[in-house]
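First to last, the protein sequences are chains A and B.
Quick note on this note's numbering: the first sequence kicks off at 4 and runs consecutively.
Quick note on this note's numbering: the second sequence kicks off at 4 and runs consecutively.
Yeah, the Cβ is synthetic: ideal placement off N, Cα and C, and Gly gets one too.
Okay, so here's the structure we're looking at.
Number of protein chains: 2
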Amino acid sequence: MAVYTDVSDEDLRPFVAEYDIGEVMACKGIAEGVENSNFMLTTETGPYILTLYEKRVKSGDLPFFLGLMEHLAARGLPCPLPVHGRDGEALRRLCDRPAAVVTFLPGMWPKRPTADHCSELGSSLAALHLAGADFSMDRSNDLSVESWRPLLEQSGSRADEVRPGLADELSAELRVMESDWPGALPVGVIHADLFPDNVFFRHGRVSGVIDFYFACTDAFAYDLAICLNAWCFEPDLSFNVTKARRLLIGYQKVRALSAKELKTLPLLARGAAMRFLLTRLFDWLNTPADALVTRKDPMEYHAKMRFHAGVRDIGAYGLDATP
Amino acid sequence: MAVYTDVSDEDLRPFVAEYDIGEVMACKGIAEGVENSNFMLTTETGPYILTLYEKRVKSGDLPFFLGLMEHLAARGLPCPLPVHGRDGEALRRLCDRPAAVVTFLPGMWPKRPTADHCSELGSSLAALHLAGADFSMDRSNDLSVESWRPLLEQSGSRADEVRPGLADELSAELRVMESDWPGALPVGVIHADLFPDNVFFRHGRVSGVIDFYFACTDAFAYDLAICLNAWCFEPDLSFNVTKARRLLIGYQKVRALSAKELKTLPLLARGAAMRFLLTRLFDWLNTPADALVTRKDPMEYHAKMRFHAGVRDIGAYGLDATP
Numbered sequence: 004m005a006v007y008t009d010v011s012d013e014d015l016r017p018f019v020a021e022y023d024i025g026e027v028m029a030c031k032g033i034a035e036g037v038e039n040s041n042f043m044l045t046t047e048t049g050p051y052i053l054t055l056y057e058k059r060v061k062s063g064d065l066p067f068f069l070g071l072m073e074h075l076a077a078r079g080l081p082c083p084l085p086v087h088g089r090d091g092e093a094l095r096r097l098c099d100r101p102a103a104v105v106t107f108l109p110g111m112w113p114k115r116p117t118a119d120h121c122s123e124l125g126s127s128l129a130a131l132h133l134a135g136a137d138f139s140m141d142r143s144n145d146l147s148v149e150s151w152r153p154l155l156e157q158s159g160s161r162a163d164e165v166r167p168g169l170a171d172e173l174s175a176e177l178r179v180m181e182s183d184w185p186g187a188l189p190v191g192v193i194h195a196d197l198f199p200d201n202v203f204f205r206h207g208r209v210s211g212v213i214d215f216y217f218a219c220t221d222a223f224a225y226d227l228a229i230c231l232n233a234w235c236f237e238p239d240l241s242f243n244v245t246k247a248r249r250l251l252i253g254y255q256k257v258r259a260l261s262a263k264e265l266k267t268l269p270l271l272a273r274g275a276a277m278r279f280l281l282t283r284l285f286d287w288l289n290t291p292a293d294a295l296v297t298r299k300d301p302m303e304y305h306a307k308m309r310f311h312a313g314v315r316d317i318g319a320y321g322l323d324a325t326p
Numbered sequence: 004m005a006v007y008t009d010v011s012d013e014d015l016r017p018f019v020a021e022y023d024i025g026e027v028m029a030c031k032g033i034a035e036g037v038e039n040s041n042f043m044l045t046t047e048t049g050p051y052i053l054t055l056y057e058k059r060v061k062s063g064d065l066p067f068f069l070g071l072m073e074h075l076a077a078r079g080l081p082c083p084l085p086v087h088g089r090d091g092e093a094l095r096r097l098c099d100r101p102a103a104v105v106t107f108l109p110g111m112w113p114k115r116p117t118a119d120h121c122s123e124l125g126s127s128l129a130a131l132h133l134a135g136a137d138f139s140m141d142r143s144n145d146l147s148v149e150s151w152r153p154l155l156e157q158s159g160s161r162a163d164e165v166r167p168g169l170a171d172e173l174s175a176e177l178r179v180m181e182s183d184w185p186g187a188l189p190v191g192v193i194h195a196d197l198f199p200d201n202v203f204f205r206h207g208r209v210s211g212v213i214d215f216y217f218a219c220t221d222a223f224a225y226d227l228a229i230c231l232n233a234w235c236f237e238p239d240l241s242f243n244v245t246k247a248r249r250l251l252i253g254y255q256k257v258r259a260l261s262a263k264e265l266k267t268l269p270l271l272a273r274g275a276a277m278r279f280l281l282t283r284l285f286d287w288l289n290t291p292a293d294a295l296v297t298r299k300d301p302m303e304y305h306a307k308m309r310f311h312a313g314v315r316d317i318g319a320y321g322l323d324a325t326p
């Protein structure tokens, strides 16, 4: 939970006056999101979300993120639609930070995702991949396989503070990924951070997909791999094969996975686990214990990575391994 | 900023179904409030505030707090109105905690209060005191002068960790208050925690008074003394006599202060500073550094207490001292 910047009435009034959304009624910081400051902004025309982009988001990337949301919303994806000011600009400034107002989406994110949620998630993810196909902008994935060794080196031997031997183990694991990471998979816009708190449901259907601030151009199957990790493990870190199966079948109802995508999924999931392990490890070692943000346990993703390292084929994810 | 309890969709749906407010559209934790968990609850009929009462609020006091809000709202005070369930009950349970839904109030609290804000505040505070006059319930102020020595003793010699000699200094200061604390002042329902973040403004007028969870029966002038401390010092802790004057004149436009209330105001303000100094001191010494709640500096109130200790009469607050 995080609100890093206080927005005063005097700051907010002239900012909102640049839009055609009526006068400010209220503005309350939301205890969600980690990277940016988010506010529920209520005006005479209804509720909106106001986001102030804090330092972890590169301002040069914001046109990609806002353009993508606009593109996807225009194609019927339930994602926030950036509101343009009277001058046509959606990306503005408030309290010395880049800022944007987007539409409010109904729904709640599932605190305890079920297999039904996973099925709906799969279909929505595939729809997102298809809807993004004709988006004209590109953004390389700066958290993909090439970035992992430099990221590990930033934590360095301090990784062993979390678990003795971890630095060496991760380095060896990285060698496998660096040599075997698959190329030539179907590529396009991916969300790259589709955790349960970024997906709203209403009446059992996906009513909102939010937080596009890691979106980039990468393999579609890697996005699915991120979801396998974020949605299909139980709180005790056991893998729920039913959820995985429903996720994959839900996805394939909308977009078929190629034989190569299915074959490489275990390695992609292992890599996706490495990616979150490494950023969490870095944050764990570098976040002051008294910070407002709760640190996330990197070892959760260590367990997930080991699970996928032991997977031989997509039979482990509930699909038929010999199609 | 604080949300202590996660509320899931499955918990929330049956809870909201007990009210006549339509279906849940969304529910987001608000990064405001320190004692309880607050959510912006949006249903088909509009926005509401959902509060889960955490352990610092005594559940036996909740009927007083909710009854008071209802009483004041019925008399036109802009305070949250508790929403009753279909069975007539406003105080319910959610996630194993007492919980209530109240109406949403427009407006924003002033991050940088001005003298105009102080004037409006004064009038609203007096209106609150008058509107509470015929409220039938009582709640003694468990944070008044009798409680301060036990509170100081709970911090004990550890007070000196904050500032060498502080324990002895506070003990001496307490002796003055214990011997001179005024009786026989006009008494009634007071808010007792009317800090800027509990007062919303819109178009320069008070549009909302919230957070009645310290409300109690005590001297009206003590409530004003709390406001003097919370609204009339600048960030550098200098006292702004214009703000104080406007606060007191605004108050007296609605309710005249007696000669005794005016005469005892410096001591009441000194005591009000002691009260917040002591609770902050206790929290400072007992809140883990990594808690989600930001600890507030007790020494801010030490400076305010010393200011009032040097005040001879209400001339220091901008009023004519020899009426």
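Assigned secondary structure, residue i (DSSP; H/G/I helix, E/B strand, else coil)
i	result
B:Leu177	helix
A:Arg100	strand
B:Leu240	coil
B:Leu260	coil
A:Asp221	strand
A:Gly313	coil
B:Thr282	helix
B:Leu322	coil
B:Leu80	coil
A:Phe68	helix
A:Ala39	Going by the sequence as given, residue 39 of chain A is Asn instead of Ala. A:Asn39: coil per DSSP, three-state reduction.
B:Thr245	helix
B:Leu231	helix
B:Leu250	helix
Nearest neighbour of residue i, chosen from the options [CA to CA]
i	options	result
A:Met111	A:Asp90, A:Val190, A:Arg208 and A:Pro189	A:Arg208
B:Cys30	B:Ser127, B:Cys235, B:Asp23 and B:Val6	B:Val6
B:Leu71	B:Val105, B:Asn41 and B:Leu55	B:Val105
B:Phe68	B:Lys256, B:Pro85 and B:Ala319	B:Pro85
A:Leu108	B:Leu270, B:Met28 and B:Cys235	B:Met28
A:Val257	A:Met43, A:Gly79, A:Ala20 and A:Leu128	A:Leu128
B:Glu176	B:Ile229, B:Lys266 and B:Arg309	B:Arg309
A:Thr267	A:Asp226, A:Ala162, A:Thr245 and A:Leu280	A:Asp226
A:Asp23	A:His87, A:Glu73, A:Phe215 and A:Glu13	A:His87
A:Ala170	A:Arg178, A:Met180 and A:Ser158	A:Ser158
B:Thr282	B:Asp196, B:Glu123 and B:Asp221	B:Asp196
A:Ser126	A:Phe223, A:Asp323, A:Asp12 and A:Ser143	A:Phe223
B:Asn243	B:Ser174, B:Gly321 and B:Ser210	B:Gly321
A:Asp200	A:Gly186, A:Ala233, A:Pro189 and A:Arg178	A:Ala233
A:Cys82	A:Arg152, A:Val212 and A:Leu251	A:Val212
B:Glu164	B:Phe285, B:Phe42 and B:Ala306	B:Phe285
A:Leu173	A:Tyr304, A:Gly25, A:Glu73 and A:Ala20	A:Tyr304
B:Gly2	B:Ala93, B:Lys299, B:Ala130 and B:Cys98	As displayed, chain B neither begins before 4 nor continues past 326, which places residue 2 of chain B out of reach and without an answer.
B:Ala306	B:Leu240, B:Phe204 and B:Phe215	B:Leu240
A:Ser62	A:Asp99, A:Arg16 and A:His74	A:Asp99
Burial state of residue i (16 or more Cβ within 10 Å)
i	result
A:Met140	exposed
B:Met4	Caution is warranted here: a pLDDT of 42 is assigned to B:Met4, below 50, making its placement in the model unreliable, and no coordinate value can be reported.
B:Lys58	exposed
B:Gly313	exposed
A:Pro301	buried
A:Ala102	buried
A:Ala136	exposed
B:Thr245	exposed
A:Ala272	buried
A:His206	exposed
B:Asp221	buried
A:Pro113	buried
A:Glu181	exposed
A:Thr54	buried
A:Arg315	exposed
B:Thr45	buried
Item checked: Under 9 Å (Cβ pairs) to chain A, residues found in the segment 95 to 122 of chain B -> Phe107, Leu108, Pro109, Gly110, Met111, Trp112, Pro113, Lys114 and Arg115
Item checked: Minimum length 3: unbroken beta strand (DSSP E) runs contained in the segment 190 to 215 of chain A -> 190 to 193, 202 to 205 and 208 to 212
Item checked: Near-chain B residues of the segment 44 to 57 of chain A - C-beta to any C-beta below 7 Å -> Thr45 and Pro50
Check: In the segment 117 to 190 of chain A, which residue ranges form an unbroken alpha helix (DSSP H) of at least 4 residues, counting only runs that do not cross its ends?
Finding: 118 to 134, 148 to 158, 162 to 165 and 169 to 183
Next item on the list: Can you give me, in chain order, the residues of the segment 12 to 36 of chain A that have a beta carbon less than 8 Å from any beta carbon in chain B?
Entry: Asp12, Glu13, Leu15, Val27, Met28, Ala29, Cys30, Lys31, Gly32, Ile33, Ala34 and Glu35
Note to self: Please identify, using Cβ separations under 7 Å, the residues of the segment 212 to 229 of chain B that lie next to chain A, in order along the chain.
What the structure shows: none
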